[in-house]
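A.B. asks: Take this structure first; my questions come after.
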Amino acid sequence: MGASSSVGASLELRLEGISKRFGQVVALDRSDLTVEPGLLLSLLGPSGCGKTTTLRIIAGFESPDTGRVVIGDRDVGQLPPNKRGLGMVFQNYSLFPHMTVGENIAFGLKMARVGPREVRSRVGEMLDLVHLPGFEERYPHQLSGGQQQRVALARSLVTRPAVLLLDEPLGALDKNLRENMQFELRRIQRTLGTTTILVTHDQEEALTLSDRVVVMNQGKILQVGSPNDVYEFPHTRFVSEFLGASNLFEGGLAHAGDGTFELAVTHGEDTTVLRVLHDDNVGTGEAMIAVRPEKISLSEEAPDRGNVVRGEVAGHVFRGSYHAYEIEVAGRDDPVFVYSQARSRSGEQVFQPGQAVHMSWDESDSVLLTDN
Amino acid sequence: MSNTTSATPSAPLRRTRGFAGAVSPWWILLAGAFLVFFFVAPIANNLLNTDNLATLAERNPPSFYYKKLLTDAYYLKIVGVTVALSVGVTLICVLVGYPVALYLVRYAGRWSGLVIFLLIAPLLTSIIMRTFGWRVIFARRGILNDFLLSIDMLERPIMFLNGPGSVVVGLVHVLVPFMVLSIASVLRSIDPQIEESARILGANRFQTFLRVTFPLSLDGIGTGFIIVFLLANGSFVTLLLLGGGELRTLPLLIYQQFTISRDFQFAAAMSNVLLAIAVGCLYLQLRLIRRKGVKG
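Here it is as structure tokens:
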């Protein structure tokens, strides 16, 4: 695939104390971020969290109020976008409608004054990489959304950028195509080893594609970690709830020794003690733990170990690969969500609304939210 | 010709179909009848007027007038001046109007409403008033001469009026809003991210404009060109008031044929030739735009 010849120098990207205000609104609040060379890092958060602003500051379309943008060991803060050596893909592709696919991809090379022969071979190489060989003469409007996105990707990578910026690149595609393109994007990024920053509000996309996930909210970086880390060990309620469904239990926390804590949760008259593992010496007092719906199992009989909460099935839907239950707990405002894997066609027990059940999970399957 | 909207062609199409469905065919017939009575019929009538309106003692066949118009050096020159003036005014409108349109769309921000108002407000005034305004400015003892004399740029007043210069200024002033609005509407439809894509791919501001923004706005220039050209082609008030008879064009001549020489046959022939020129240029421009503009 000629990939080796397309590998640019993969560089580290560093943001140091970047902040940005738009009028009264703080879009970005003194944020630091490092992207190691060759990794794909995603900025994940709801709209208005500052992720797009971060990307636009890196690209040079916005200038930060404070802080430095460093690519490799060069401070690019004062450079215009065209001098930063980046690649960028936008959500709506932004192909040049008056140019053919070939001309679109060749644009960056022509700006860099690459000779016509090399332009032709590199354009062909990129079209092979995105599985669109022979599409040079077509116009963007003759392509499907997925094909346009591949061309946009090829156009941004052909110049061998030091860092590739992806702004919601799959947002405009329908679900099936989006999943295909996720794998496709990951394959291409791995092949070229380009340092990549992906902006997305889709937690599934962030988890699927990234080496590192950065969860942002209200202009602040809340947590940075591997997809597994941020999903399994969220530090805050926001991270826990933004990355998929999460059940929260609130109560008084007490240290039980040996890396174990006990949370006394009051549901009406009853007080249930939930155990949770945590290695730090966190302060005791009011605290919150989070449990993912798929970590909880349901049973009629009370299990003899783990955390157990009694409740009543309030709702049940079958979602193909799993059953989703809403369990009402007396004295608790929100229902508890439980996902149970649909293993065989007839084997497992399906609980009916109105049935009394015991929810249980292992103490290592819940996480203490330390940073609220 | 529609370029940037190609991504979502179905939505507006469906809306149009829904609208056409709601309107019964009878209304279309009514509109058609209106056009036939007030547009097609007068033009057809005028084609015959070269023969019908023979009011002078001598009666000439229509071919006499057309031959005179298209072979006599005097009249040929007038035809040439008419076309040249229209093309010149239109080109100046492009040069003057494009930066305004670009500013309006890309940089005016919350002031864009004000800019549009300033553009359109003069259209609320009668063209005669606006043209007289220029007479006040350009007159021998007018504002411009007074100013130039006062700062010692001139020794004695210049005759600005009654020449091609004042006519062109007057026409550009009247017609440039149409150019600005045509270009601005197309510029507005260009996604700024397309320009940002070019920037990040290594193009500086100027290269981005030259290779992306400008080619994508050709449609707007084309539309503005046609509108301004046709309006300039048919204008005569400005010529009458600012040209002082120095600059002779077909519309002016038609006016004179009706009011002074009362040769209606000749006037009708002239207006037919003017119409033919307009239609011919329109056809050429449409073809040119279609070839140069964005395919899609």
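Protein chains in written order, with the working numbering: chain A, 1 to 372; chain B, 373 to 668. Just so you know, even glycine gets a beta-carbon here, dropped at the ideal spot from N, CA and C. What you are looking at is a predicted structure, and each value in this text was computed from that prediction instead of being measured.
Would you please verify whether the beta carbon of A:Met1 is less than 8 Å from any beta carbon of chain B?
C.D. replies: The predicted position of A:Met1 is uncertain, since its pLDDT is 36 and thus under 50; no value can be drawn from it.
A.B. asks: Cβ closer than 8 Å: which chain B residues qualify as neighbours of A:Met425?
C.D. replies: With chain A represented from 1 up to 372, any question about residue 425 of chain A goes unanswered, as that position is not in the structure.
A.B. asks: Please list, in chain order, the chain A residues whose beta carbon lies closer than 7 Å to that of B:Ile566.
C.D. replies: Result: Ser94 and Phe96.
A.B. asks: According to DSSP, A:Asp167 sits in a beta bridge with which residue or residues?
C.D. replies: A:Val199
A.B. asks: I'd like the span of the alpha helix (DSSP H) that includes A:Thr54, first residue to last.
C.D. replies: Annotation for A:Thr54: the continuous alpha helix (DSSP H) segment containing it runs Lys51 to Ala59.
A.B. asks: With B:Ile562 and B:Ser589 assumed to form a contact (beta carbons below 8 Å), what rounded beta-carbon distance in angstroms separates them?
C.D. replies: So it is a contact: roughly 7 Å between Cβ atoms.
A.B. asks: With respect to the beta strand (DSSP E) encompassing A:Asn307, which residues constitute its N-terminal and C-terminal limits?
C.D. replies: Start and end: Asn307 to Phe318.
A.B. asks: Might you give, ordered along the chain, the residues of its own chain that have their beta carbon closer than 7 Å to the beta carbon of A:Asp279, omitting 5 neighbours on each side?
C.D. replies: Gly259
A.B. asks: Classify A:Asn217: buried if its beta carbon has 16 or more other beta carbons within 10 angstroms, exposed otherwise.
C.D. replies: buried
A.B. asks: Skipping 5 residues on each side, what residues in its chain have a beta carbon closer than 6 Å to that of B:Arg389?
C.D. replies: Any answer about B:Arg389 is weak, because its pLDDT of 47 lies below 50 and its placement is not dependable; what the coordinates show is given next. No residues qualify anywhere along the chain.
A.B. asks: What number of angstroms, rounded off, separates the C-alpha of B:Gln637 from the C-alpha of B:Pro434?
C.D. replies: Spanning the two alpha carbons is a distance of roughly 8 Å.
A.B. asks: Please report the straight-line C-alpha distance between B:Asp591 and A:Leu44, rounded to a whole angstrom.
C.D. replies: 39 Å
A.B. asks: Does DSSP put A:Arg178 in a helix, a strand or coil?
C.D. replies: helix
A.B. asks: Can you check DSSP and say which residues form a bridge with B:Phe597?
C.D. replies: According to DSSP, which records beta bridges pairwise, B:Phe597 is partnered with nothing at all.
A.B. asks: State whether the region 55-64 of chain A contacts the region 135-147 of chain A, with contact taken as three or more CB pairs (one from each stretch) at a distance under 8 Å.
C.D. replies: They do not touch, by the three-pair rule.
A.B. asks: Within the region 209-270 of chain A, note down every full alpha helix (DSSP H) run reaching 4 residues or more, in order along the chain.
C.D. replies: 227-232 and 237-242
A.B. asks: Answer with buried or exposed for B:Asn644, where buried requires no fewer than 16 other C-beta atoms within 10 angstroms of its C-beta.
C.D. replies: buried
A.B. asks: Residues of chain B with CB under 8 Å from A:Ala59, in chain order?
C.D. replies: Per Cβ cutoff of 8 Å: Glu568 and Ile572.
A.B. asks: Which residues of chain A have a Cβ atom closer than 8 Å to the Cβ of B:Asp563, listed in chain order?
C.D. replies: Asn92 and Ser94
A.B. asks: Based on DSSP bridge pairs, tell me the residues matched to B:Leu625.
C.D. replies: Paired residue(s): none; B:Leu625 is not in a bridge.
A.B. asks: Am I right that A:Leu127 and A:Glu136 are in contact with their C-beta atoms under 8 Å? What's the rounded C-beta distance?
C.D. replies: 7 Å
A.B. asks: Using a C-beta cutoff of 8 Å, does B:Asn375 count as contacting chain A?
C.D. replies: The predicted position of B:Asn375 is uncertain, since its pLDDT is 42 and thus under 50; a value taken from the coordinates is nonetheless stated next. Yes, its Cβ sits closer than 8 Å to a Cβ of chain A.
A.B. asks: Is the Cβ-Cβ distance between A:His235 and A:Leu369 less than 8 Å?
C.D. replies: Closer than 8 Å, so yes.
A.B. asks: In the DSSP assignment, what are the bridge partners of A:Asp356?
C.D. replies: A quick correction: the sequence has Ala, not Asp, at residue 356 of chain A. Answer by DSSP bridge pairing, in chain order: A:Glu312.
A.B. asks: Quick check: what's the CA-CA separation for B:Met501 versus B:Gly542?
C.D. replies: Cα to Cα, B:Met501 sits roughly 11 Å from B:Gly542.
A.B. asks: Run through chain A and tell me which residues come within less than 9 Å of B:Val558, C-beta to C-beta.
C.D. replies: What B:Val558 touches in chain A: nothing, since even the nearest Cβ is about 12 Å away.
A.B. asks: Between A:Gly268, A:Phe242 and A:Asn281, which has its C-alpha nearest A:Gly257's C-alpha?
C.D. replies: It is A:Asn281 whose Cα lies nearest to the Cα of A:Gly257.
A.B. asks: Reducing DSSP to helix, strand and coil, say where A:Arg343 ends up.
C.D. replies: coil
A.B. asks: Should A:Ile289 and A:Phe233 be called a contact, given that it needs their Cβ atoms to be closer than 8 Å?
C.D. replies: Cβ distance not < 8 Å, so A:Ile289 and A:Phe233 don't count as in contact.
A.B. asks: Looking only at its own chain, which residues have a Cβ that is under 6 Å from the Cβ of A:Val213, when we skip the five neighbours before and after it?
C.D. replies: Ser42, Leu44, Ala206, Pro227 and Val230.
A.B. asks: Going along the region 296-326 of chain A in order, which residues come within less than 8 Å of chain B, judged by CB to CB distance?
C.D. replies: none
A.B. asks: Taking a Cβ distance cut-off of 8 Å, strictly less, list which residues of the region 98-114 of chain A are near chain B, in chain order.
C.D. replies: Within the region 98-114 of chain A, the qualifying residues are His98, Phe107, Gly108, Met111 and Ala112.
A.B. asks: Does the Cβ of B:Phe406 have 16 or more other Cβ atoms within 10 Å, making it buried, or fewer, making it exposed?
C.D. replies: exposed
A.B. asks: With 8 Å set as the bound, which would you pick, yes or no: does the beta-carbon of B:Asn576 sit closer than that to a beta-carbon of chain A?
C.D. replies: yes
A.B. asks: Out of A:Met111, A:Val89, A:Asp202 and A:Ala106, point me to the one whose CA is closest to A:Glu125's CA.
C.D. replies: A:Ala106
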